[in-house]
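Colleague: First, the structure itself, so that you have it in front of you.
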Amino acid sequence: MEIPLFLRGILVITGKNMRLYYTKPPVLMFGVLFPLFMFFAFFVGRKLDLTTFFPAFLAMMLFFTASSVGPLITPWEKREKTYERLLSYPVTQDSIILGDVVAGAIFGMGISLLVWVASIIFVPVGVTNIGLFVLAFLLGTLSCSALGALLASPASDSPPNVMIFSNLIRFPLIFISGIFVPLAQMQGLGLTLAYCSPLTYLVDLFNAAMSGTSVFSPLVDCGVLIGVSAGFILAARVIQKRNLMKGM
Amino acid sequence: MNAIEAGHLVKRFGTVTAVNDVTITVREGEIFGFLGPNGAGKTTTMRLLTGVLTPDAGTARINGIDIHRHPLDAKMQMGVIPESSTVYGDMSAEQNLHLSGQMYGMPRALREERIDEILSRMGLYEKRRLPVRTFSKGMKQRVSIACAIIHRPKILFLDEPTSGLDVQSRRLVIETIHQMNEQGSTIFLTTHNIEEANTLCQTVCIINKGKIVAQDSPERLKKMFDTTQSVEVSFDRPVTRDLFVAEGILRAEPCGDKWRLYTDNPDLVLKYLIRSAERESIGITSLTISGPSLEEAFVQITECA
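Protein sequences, first through last, are from chains C and F. Quick note, the first sequence lines up with residues 8 to 255 if you use this note's numbering. Quick note, the second sequence lines up with residues -6 to 298 if you use this note's numbering.
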């Protein structure tokens, strides 16, 4: 009986998160407006080949949107004292974490798809491998929303503090992941840092799917994204369980 | 069958042992009062019993199901009302109840029927579509209770449910507790309101500094301290404490417009009061003899521990 209950818990929590948190100002600010401003700041008026840079922009959009919901939910619920009630329902801490991950992934998927559909009207970007493109979307939203859930793990009931912390982690990643400087042109320390960023592999996978060129094999990109997703979720689980052992 | 069985529960936060070897048994269908001063470990114990926290040692069973081995099955048996009215302020009362019903797997039609019934009973039907953040504290608490009872739980846990509520909301909460109990639910009530525990509960358990210090029926607990009774008296004009210096009066305390006299011989005190009133030409406007109070028992138990 526990597995159906567990899955139902994830679904209900996802629905609750979608209803409550998608329209919260921090999510709209850091999940939608922020990447759009970044796009305008770095790409518009610089005579860049948008077709070349579009996969990286899409990856950045997906990264920011999918990872913006997770950091808000847990501290918000702790502040509003709804976290205790949530834990007293027939759900486990794992279903709460996974519900947060799924809500973030759906948000990232929805907004990024919308941006992609709107962009293809203005920018002549094609998709050379539709299967890889779908996979990039799925693994990208999963890994980025898992990062969002991990960023929500510090024992804090202050959403602003957690959002600042999450931006401290997320912001540098976009500069080392082949978004503004293509991975093929990077070298030395920059390249080493790029290898350490999960976003690099998402950018690379989008490049493989949309332009047919990539630095790594798509298999490597997919493997890394699956690995980091699992790693982020497990780390979030360990930290949140440890926090709960210390009290509410 | 016992509804709740907790054995040797221990919970530590750093160097502080919040719950220290707590063993509790709650019979099916009873209203069980869990009393203690602030910081005694009531809320932590309730969180351990409801699966919110994991104990460092010990076990807890809800209707025979181990809450820490099979948390989901065990939580399906219970409804929980945490200390503060923990409902989603951005949702309406109706949406909060739908969410609760979904958590317990109730089909939509059943949810809707039950939501209408509960909100009407709670006096919130007219405001069911307003965001809960616009509600008063009492109304929020009613929504919180409604969320916990929507699935007709077999066991209802309430943590200080009437704390800080107005009279109307308090009465509604007490009525709901009675109704749920009459319908067969076991009630686990944590409170530091002695009078509430005295009137509501069949069994009272007192925790102090993380340890259980007494567990019995309110009447039996009172009888443990039956040497002291009290006489409450009021006069038609103010009197001073000097009037109550007499044989048989152990202590005199002003109590609003009355005086409460603690005694182990009420008969002697009554005769003395009547004689004194005649001598001083003052009228007695009310006179009540009270048995030993649960409050007195509580104070003595927690002070001794």
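Ideal Cβ positions, reconstructed from N, Cα and C, are used throughout, including at glycine.
(1) Can you give me, in chain order, the residues of the region 20 to 31 of chain C that have a beta carbon less than 8 Å from any beta carbon in chain F?
(2) For F/Gly57, does the count of other Cβ atoms within 10 angstroms reach 16, so buried, or fall short, so exposed?
(3) Output, in sequence order along the chain, the residues in the region 72 to 97 of chain F whose CB is closer than 9 Å to any CB in chain C.
(4) Please classify C/Val51 as buried or exposed, where buried requires at least 16 neighbouring CB atoms within 10 angstroms.
(5) Should F/His63 be flagged as near chain C, meaning a C-beta pair shorter than 8 Å?
(6) Which partner residues does F/Met27 have in the DSSP bridge list?
(7) Going along the region 122 to 149 of chain F in order, which residues come within less than 7 Å of chain C, judged by CB to CB distance?
(8) Quick check: the Cα distance between F/Thr47 and F/His61, rounded to an integer number of angstroms?
(9) Quick one: residues in its chain with C-beta nearer than 6 Å to the C-beta of C/Leu180, no 5 flanking neighbours on either side, listed in chain order?
(10) Any idea what DSSP makes of F/Ile60, helix, strand or coil?
(11) Should F/Met39 go down as buried or exposed, given a rule of 16 or more other Cβ atoms within 10 Å for buried?
(12) For C/Asn136, report the span of its beta strand (DSSP E) as first-last.
(13) Less than 8 Å between the C-beta atoms of C/Tyr208 and C/Val188, yes or no?
(14) Judging by CA-CA distance, which residue of F/Glu273, F/Leu261, F/Arg253 and F/Asp260 is the nearest neighbour of F/Ser279?
(15) Taking the straight line between their C-alpha atoms, what separation do you get for F/Ser137 and F/Ser77?
(16) For F/Leu243, which residues in chain C fall below 7 Å Cβ to Cβ?
(17) If you draw a straight line from the alpha carbon of F/Met99 to that of F/Gln176, how long is it in whole angstroms?
(18) Just to confirm my understanding: we take F/Tyr81, look at its own chain, exclude 5 residues before and 5 after, and list those with CB closer than 6 Å. What are they?
(19) Across which residues does DSSP place C/Ile10 in a beta bridge pair?
(20) If you reduce the DSSP assignment to three classes, tell me which class C/Thr30 lands in.
(21) Can you tell which of C/Pro32, C/Leu142 and C/Phe140 has its C-alpha closest to the C-alpha of C/Pro259?
(22) Nearest to C/Lys85 by CA position, among C/Gly195, C/Glu9, C/Ala159 and C/Ala201, is which residue?
(23) Determine the direct distance from the alpha carbon of C/Leu142 to that of F/Leu149, and round the result to whole angstroms.
(24) Does any C-beta atom of chain C lie closer than 8 Å to the C-beta of F/Thr52?
(25) Report back the beta-carbon spacing between C/Pro97 and C/Ser173 to the nearest angstrom; my notes put them in contact at under 8 Å.
(26) Name the residue from C/Leu190, C/Leu198 and C/Val108 whose alpha carbon lies nearest to the alpha carbon of C/Asn24.
(27) Relative to the ligand COA, is the shortest distance from any of its heavy atoms to the C-beta of F/Gln88 smaller than 7 Å?
(28) Using 8 Å as the Cβ pair cut-off and three pairs as the minimum, do the region 114 to 133 of chain C and the region 60 to 71 of chain C touch?
(29) Quick one: residues in its chain with C-beta nearer than 6 Å to the C-beta of F/Tyr265, no 5 flanking neighbours on either side, listed in chain order?
(30) Which first and last residues belong to the beta strand (DSSP E) in which F/Thr71 is found?
(31) List the DSSP bridge partners of F/Tyr255.
(32) Roughly how many angstroms lie between the CA atoms of C/Leu149 and F/Pro154, to the nearest whole one?
(33) F/Phe150 by DSSP, collapsed to three states: which one?
(34) Is the CB-CB distance between F/Ser223 and F/Ser283 below 8 Å?
(35) Could you pull out every residue in the same chain whose Cβ sits closer than 7 Å to the Cβ of C/Met170, ignoring the five residues on either side in sequence?
(36) Would C/Gly254 pass as an interface residue toward chain F - the criterion being a Cβ-Cβ separation below 8 Å?
Modeller: In short, the structure shows the following:
(1) Against chain F - using a Cβ distance shorter than 8 Å - the residues of the region 20 to 31 of chain C are Gly22, Lys23, Arg26 and Leu27.
(2) Reading the second sequence from its first residue, position 64 is the one you call residue 57 of chain F. Looking at its Cβ environment, which holds fewer than 16 other Cβ atoms inside 10 Å, F/Gly57 is exposed.
(3) For the region 72 to 97 of chain F, the set of positions with a beta-carbon nearer than 9 Å to some beta-carbon of chain C reads Gly72, Val73, Ile74, Pro75, Glu76, Ser77, Ser78, Thr79, Val80, Tyr81, Gly82, Asp83, Met84, Gln88, Leu92, Ser93, Gln95, Met96 and Tyr97 in chain order.
(4) Numbered from 1 along the first sequence, position 44 holds the residue referred to as residue 51 of chain C. Counting Cβ neighbours within 10 Å, C/Val51 comes out exposed, since fewer than 16 surround it.
(5) As a first step, residue 63 of chain F must be located in the second sequence, where it is residue number 70. Closer than 8 Å to some Cβ of chain C, the Cβ of F/His63 qualifies, so yes.
(6) Here residue 27 of chain F refers to the residue found at position 34 when the second sequence is read from its first residue. The sequence shown places Phe at residue 27 of chain F, not Met. For F/Phe27, the beta-bridge partners assigned by DSSP are F/Thr183 and F/Cys198.
(7) Per Cβ criterion, the list is empty.
(8) Start at 1 with the first residue of the second sequence, and residue 47 of chain F comes out as number 54. Start at 1 with the first residue of the second sequence, and residue 61 of chain F comes out as number 68. Their Cα atoms are separated by approximately 7 Å.
(9) The residue labelled residue 180 of chain C in the question sits at position 173 within the first sequence. The residues are Ser204 and Leu206.
(10) Locating residue 60 of chain F in the second sequence gives position 67, counting from the first residue. If DSSP states are grouped into helix, strand and coil, F/Ile60 belongs with coil.
(11) Residue numbering aside, residue 39 of chain F sits at position 46 when the second sequence is read from its first letter. Buried, since its Cβ has 16 or more Cβ neighbours within 10 Å.
(12) In the first sequence, the residue the question calls residue 136 of chain C occupies position 129. That residue, C/Asn136, is in no beta strand (DSSP E); it is neither H nor E in DSSP.
(13) On the first sequence, residue 208 of chain C is found 201 positions in, with the first residue counted as 1. On the first sequence, residue 188 of chain C is found 181 positions in, with the first residue counted as 1. No. Outside cutoff.
(14) Taking the first residue of the second sequence as position 1, residue 279 of chain F is located at position 286. It is F/Arg253.
(15) One-based indexing of the second sequence puts residue 137 of chain F at position 144. One-based indexing of the second sequence puts residue 77 of chain F at position 84. Rounded to whole angstroms, the separation of the alpha carbons of F/Ser77 and F/Ser137 is 9 Å.
(16) Reading the second sequence from its first residue, position 250 is the one you call residue 243 of chain F. Among the residues of chain C, none has a CB under 7 Å from the CB of F/Leu243; the nearest is roughly 43 Å distant.
(17) Counted from its first residue, the second sequence places residue 99 of chain F at position 106. Counted from its first residue, the second sequence places residue 176 of chain F at position 183. Distance between the alpha carbons of F/Met99 and F/Gln176: 19 Å.
(18) Position 88 of the second sequence, counted from the first residue, corresponds to residue 81 of chain F. Within the same chain, F/Tyr81 has close Cβ partners Asn89.
(19) As a first step, residue 10 of chain C is located in the first sequence; it is residue number 3 there, counting from the start. For C/Ile10, which the question treats as bridged, DSSP gives no partner whatsoever.
(20) Working through the first sequence from its first residue, we reach residue 30 of chain C at position 23. DSSP places C/Thr30 in coil when its eight states are reduced to three.
(21) Absent from the structure is residue 259 of chain C, since the part of chain C shown begins at 8 and ends at 255.
(22) In the first sequence, counting from the first residue as 1, residue 85 of chain C sits at position 78. Taking only the C-alpha atoms, the option nearest C/Lys85 is C/Ala159.
(23) Within the second sequence, residue 149 of chain F is the residue found at index 156, counting from 1. Within the first sequence, residue 142 of chain C is the residue found at index 135, counting from 1. Across the structure, F/Leu149 and C/Leu142 are spaced so that their CA atoms are roughly 46 Å apart.
(24) Within the second sequence, the letter at position 59 stands for residue 52 of chain F. Closer than 8 Å: no.
(25) By one-based count along the first sequence, residue 97 of chain C stands at place 90. By one-based count along the first sequence, residue 173 of chain C stands at place 166. With a Cβ gap of about 30 Å, C/Pro97 and C/Ser173 do not count as contacting.
(26) One-based indexing of the first sequence puts residue 24 of chain C at position 17. Nearest Cα to C/Asn24 within the set C/Leu190, C/Leu198 and C/Val108: C/Val108.
(27) Ligands in the displayed structure: none, and consequently the ligand COA is not present.
(28) Because the criterion of three Cβ pairs below 8 Å is met, the region 114 to 133 of chain C and the region 60 to 71 of chain C touch.
(29) Numbered from its first residue, the second sequence carries residue 265 of chain F at position 272. Hits under 6 Å: Ala239.
(30) Along the second sequence, read from residue 1 onward, the residue named residue 71 of chain F stands at position 78. Sequence check: residue 71 of chain F is Met here, not Thr. Looking at the DSSP string, the run of the beta strand (DSSP E) that includes F/Met71 is Met71 to Ile74.
(31) Position 262 of the second sequence, counting from 1, holds the residue named residue 255 of chain F. In the DSSP assignment, F/Tyr255 forms a beta bridge with F/Ser223 and F/Arg244.
(32) In the first sequence, counting from the first residue as 1, residue 149 of chain C sits at position 142. In the second sequence, counting from the first residue as 1, residue 154 of chain F sits at position 161. If I take the Cα positions, the gap works out to 41 Å.
(33) On the second sequence, position 157 is the one that residue 150 of chain F refers to. The answer is strand: DSSP assigns F/Phe150 an E or B state.
(34) As a working mapping, residue 223 of chain F is identified with position 230 in the second sequence. As a working mapping, residue 283 of chain F is identified with position 290 in the second sequence. Going by C-beta atoms, F/Ser223 is nearer than 8 Å to F/Ser283.
(35) The residue labelled residue 170 of chain C in the question sits at position 163 within the first sequence. Result list for C/Met170: Pro33, Phe37, Pro78 and Leu79, in chain order.
(36) Numbered from its first residue, the first sequence carries residue 254 of chain C at position 247. Closer than 8 Å to some Cβ of chain F, the Cβ of C/Gly254 qualifies, so yes.
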